[in-house]
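According to full-length UniProt numbering, the sequence shown holds residues 1 to 432 in order.
Glycine included, every Cβ here is placed at the ideal spot set by N, Cα and C.
Everything numeric in this text was worked out from a predicted model, so none of it was measured.
Quick notes on the structure that follows.
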Amino acid sequence: MEFTSELSLVHANYLPLHHPTTPPAFSYISGKQTHVMEISQLYIYPIKSLRGVAVPEAVLTSTGFEYDRRFMLLKINQSDDGTETLQNMHVPHFPEMCLFLTDIVFPTAGKNNGKIIVTYRPPGVKDNDNSQTKTLEVPLEPDVQGLEELTITMHQSPTKGYHMGSKYNDWFGQCFGYKVVLVYLGPHWRRVLGSFPPGKSQAHREQVTPLVSKRSATVLALLSLFLNIGVPLGQRDINSFILLVLATTTTVAVFVAAGANRYGSRGGKRKEERITFADTAPYLMISETSVDNVSTRLAGDHTMDLTKARPNIVISGAKTAFEEDFWAELMVGESIRLLLTANCVRCQSLNVDYMTGKMGIGDNSNIFKKLMKDRRVDKGARFSPVFGRYVFLDRDCENSSIRVGEEVTVSRRVEERTTYGEHDLRFATCGC
1 MEFTSELSLV HANYLPLHHP TTPPAFSYIS GKQTHVMEIS QLYIYPIKSL RGVAVPEAVL
61 TSTGFEYDRR FMLLKINQSD DGTETLQNMH VPHFPEMCLF LTDIVFPTAG KNNGKIIVTY
121 RPPGVKDNDN SQTKTLEVPL EPDVQGLEEL TITMHQSPTK GYHMGSKYND WFGQCFGYKV
181 VLVYLGPHWR RVLGSFPPGK SQAHREQVTP LVSKRSATVL ALLSLFLNIG VPLGQRDINS
241 FILLVLATTT TVAVFVAAGA NRYGSRGGKR KEERITFADT APYLMISETS VDNVSTRLAG
301 DHTMDLTKAR PNIVISGAKT AFEEDFWAEL MVGESIRLLL TANCVRCQSL NVDYMTGKMG
361 IGDNSNIFKK LMKDRRVDKG ARFSPVFGRY VFLDRDCENS SIRVGEEVTV SRRVEERTTY
421 GEHDLRFATC GC
């Protein structure tokens with residue numbers, strides 16, 4: 001059976017807005033803060049949009065934490081004529097996905113014996129009641145030989161994946177009450193689109209002084225044009241020929257250098273950015289200080305459950321709430337450098353109820369609404385609140401490990417928030 005993935009939708013409430021054609025000027029502020037921040041929590045989501053796994057440490061890669069979002073679920077939709085298509089499953093559209101918990105058994109050295117343990121807890125069943133739960137074990141790194149390959153398109157960034165088969169599809173289907181397919185990414189990857197990558201982010205473009213001024217480049221170009229067109233070939237002597245070669249070569253070099261400078265980024269030249277089944281960027285970071293701020297908006301002793309923000313990295317110790325809006329670069333320990341490129345604009349997934357598998361009811365459950373009052377701070381996404389920042393890894397830190405308790409330093413800030421208007425809204429989405 002051949003499947004065609006249904007393109008997932010971006011938030012329906014995005015409207016076209018007018019944005020300045022000139023991006024804001026960024027002023028970089030360096031220097032360590034006096035107060036201490038640290039990594040307080042780390043999360044891996046082995047299967048996209050299911051509940052994550054809290055881990056004490058994780059391996060950093062350019063595509064995200066090792067084992068993060070390597071699997072995803074697709075719903076099988078059947079049309080009247082019997083044609084089947086696959087729909088990408090994301091928790092804001094399928095809140096029942098929050099009823100599935102995951103755990104990871106990491107492989108022992110030299111062996112491929114790692115596994116994901118998925119636990120389904122039906123609606124209304126309390127966390128300490130295991131009598132009604134179901135479990136499934138999924139190999140962490142499946143053998144893909146003989147598995148059917150599918151095409152999956154997420155936010156206009158296509159990739160390939162492997163159909164895991166009926167054993168897994170049937171188990172999930174019985175829990176959901178409709179047919180689904182479990183897909184494994186394998187060695188494949190997706191391109192990061194828009195202007196989210198550091199090499200295209202306004203906050204990370206290297207501001208390089210040009211080799212020559214625009215005026216000098218124009219003069220060189222005109223001189224080259226004159227020597228090529230204005231002087232007949234038969235009348236050129238050796239001096240004019242040498243001058244022609246020098247002018248042409250210099251002009252080409254200047255324009256090549258100008259293009260390299262425009263698309264260069266701090267930390268040197270970067271390869272094309274890649275991600276797994278994460279929506280937009282390899283990592284999502286939030287601050288506990290900002291979580292505490294949201295909790296003060298809730299009645300009684302209710303607090304915000306930060307796991308509903310689906311972060312990979314949680315930082316404690318920030319001096320003020322939402323100061324992370326202005327962070328451009330973080331140092332973890334002495335050597336790990338994280339590049340923050342864009343705000344995370346939020347959707348209704350913040351409101352999921354882990355007990356019911358539906359959107360929460362009541363004022364305290366509507367975190368999205370609480371944030372809408374004062375967190376629509378991104379000029380490029382005025383109808384969505386901001387909570388958290390998208391993060392990329394400095395390429396020199398590939399395969400480094402990050403641990404809970406490590407000190408975090410803000411090594412660079414920006415004076416103005418990054419703007420979603422710099423990015424193509426077709427690729428705009430939260431970190432579900």
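Between the C-alpha atoms of residue i and residue j, what's the straight-line distance to the nearest angstrom?
i: Leu-71; j: Arg-346; result: The residue you asked about is not Leu; residue 71 is Phe in the sequence shown. Taking the straight line joining both Cα atoms gives about 23 Å.
i: Trp-189; j: Ile-286; result: 25 Å
i: Gly-362; j: Leu-298; result: 11 Å
i: Ala-25; j: Ser-290; result: Residue placement at Ala-25 is flagged as unreliable, the pLDDT there being 40, under the threshold of 50; a coordinate-derived value is accordingly withheld.
i: Lys-160; j: Ile-47; result: 16 Å
i: Ser-404; j: Val-332; result: The identity of residue 404 in the sequence shown is Val, whereas the question assumes Ser. Answer to the nearest angstrom: the Cα atoms are 10 Å apart.
i: Gly-409; j: Met-37; result: Checking the sequence shown, residue 409 turns out to be Thr, not Gly. For Thr-409 and Met-37, the distance between alpha carbons rounds to 7 Å.
i: Leu-50; j: Lys-373; result: 28 Å
i: Asp-68; j: Asp-279; result: 12 Å
i: Ser-106; j: Pro-142; result: The question names Ser, yet the displayed sequence has Phe at residue 106. Distance between the alpha carbons of Phe-106 and Pro-142: 13 Å.
i: Cys-98; j: Ser-62; result: 27 Å
i: Ala-309; j: Lys-115; result: 25 Å
i: Gln-41; j: Glu-66; result: 16 Å
i: Glu-137; j: Asn-312; result: 23 Å
i: His-423; j: Phe-176; result: Its pLDDT being 46, under 50, His-423 is placed unreliably in this model, and the coordinates cannot settle the point.
i: residue 481; j: Leu-350; result: No answer is possible for residue 481: the residues shown for the chain start at 1 and end at 432.
i: Ser-157; j: Val-192; result: 7 Å
i: Thr-102; j: Ser-384; result: 29 Å
i: Ala-260; j: Gln-132; result: Residue placement at Ala-260 is poorly supported in this model, since its pLDDT is 44, which falls under 50; the coordinates still yield a value, given next. About 59 Å.
i: Arg-376; j: Lys-319; result: 21 Å
i: Val-386; j: Phe-100; result: 26 Å
i: Asp-129; j: Gly-317; result: 35 Å
i: Phe-326; j: Ser-411; result: 11 Å
i: Lys-358; j: Asp-396; result: 42 Å
i: Gly-360; j: Gln-348; result: 10 Å
i: Gln-293; j: Glu-272; result: Per the sequence presented here, residue 293 reads as Asn, with Gln not at that position. Rounded to the nearest angstrom, the two C-alpha atoms are 37 Å apart.
i: Arg-417; j: Asp-378; result: 7 Å
i: residue 437; j: Asn-88; result: It is not possible to answer for residue 437, since the shown part of the chain is limited to 1 through 432.
i: Pro-198; j: His-90; result: 26 Å
i: Ser-166; j: Phe-368; result: 37 Å
i: Gly-82; j: Asn-343; result: 42 Å
i: Val-314; j: Leu-73; result: 26 Å
i: Tyr-168; j: Ala-109; result: 27 Å
So, for residue i: in the same chain, excluding its five sequence neighbours on each side, which residues have a beta-carbon less than 7 Å away from its beta-carbon?
i: His-18; result: In this prediction, His-18 has a pLDDT of 31, which is less than 50 and means its spatial position is unreliable; what the coordinates show is noted afterwards. Excluding positions up to five away in sequence, the list is empty.
i: Ile-76; result: Glu-84, Leu-86, Lys-179, Val-180, Val-181
i: Ser-163; result: Looking at the sequence provided, one finds His at residue 163 rather than Ser. The answer, listed in chain order, is Leu-147, Glu-148, Leu-150, Val-181, Val-183.
i: Glu-406; result: Glu-38, Ile-39, Val-332, Gly-333
i: Gly-173; result: Lys-179, Val-180
i: Ser-365; result: Asn-351, Asp-353
i: Val-59; result: Phe-65, Glu-66, Asn-399, Ser-401
i: Pro-139; result: Lys-115
What residues are listed by DSSP as bridge partners for residue i?
i: Ile-275; result: Arg-190
i: Gly-161; result: Leu-150
i: Ile-402; result: Ala-58
i: Asn-343; result: Arg-389
i: Lys-337; result: The sequence as given places Arg at residue 337; Lys does not occur at that position. In the DSSP output, where bridge partners are listed per residue, Arg-337 has Met-331.
i: Ser-195; result: Bridge partners of Ser-195: none, in fact.
i: Ser-316; result: Glu-38
i: Met-285; result: Ile-313, Arg-389
i: Tyr-184; result: Phe-71, Tyr-162
Between residue i and the rest of its own chain, which residues show a CB-CB distance below 8 Å, the 5 nearest in sequence each way excluded?
i: Thr-135; result: Ile-117, Val-118, Thr-119, Tyr-120
i: Asp-394; result: Gly-267, Ile-336, Arg-337, Leu-338, Leu-339
i: Ser-295; result: His-302, Thr-303, Met-304
i: Glu-57; result: Leu-42, Ser-401, Ile-402, Arg-403, Val-404
i: Ala-54; result: Gln-41, Leu-42, Tyr-43
Leaving out the 5 sequence neighbours to the left and right, which residues in its chain are closer than 6 Å to residue i when beta-carbon positions are compared?
i: Glu-324; result: Ser-287, Arg-389
i: Val-391; result: Tyr-283, Met-285, Leu-338, Leu-340
i: Val-144; result: Tyr-162, Gly-186
i: Asn-112; result: Glu-141
i: residue 446; result: Residue 446 is absent from the model: the chain starts at 1 and stops at 432.
i: Trp-171; result: Leu-136
i: Gln-78; result: Glu-84
* Asked: What are the start and end residues of each continuous alpha helix (DSSP H) run of 4 or more residues lying completely inside the segment 106-146, in chain order?
  -> none
* In the segment 28-109, which residue ranges form an unbroken beta strand (DSSP E) of at least 3 residues, counting only runs that do not cross its ends? -> 28-30, 37-44, 57-61, 71-78, 84-88, 100-105
* Would you call the segment 354-361 and the segment 118-125 in contact, with 3 or more CB pairs under 8 Å? -> yes
* Start-end ranges of the beta strand (DSSP E) lying completely within the segment 350-421, minimum 3 residues -> 386-393, 401-403, 407-414
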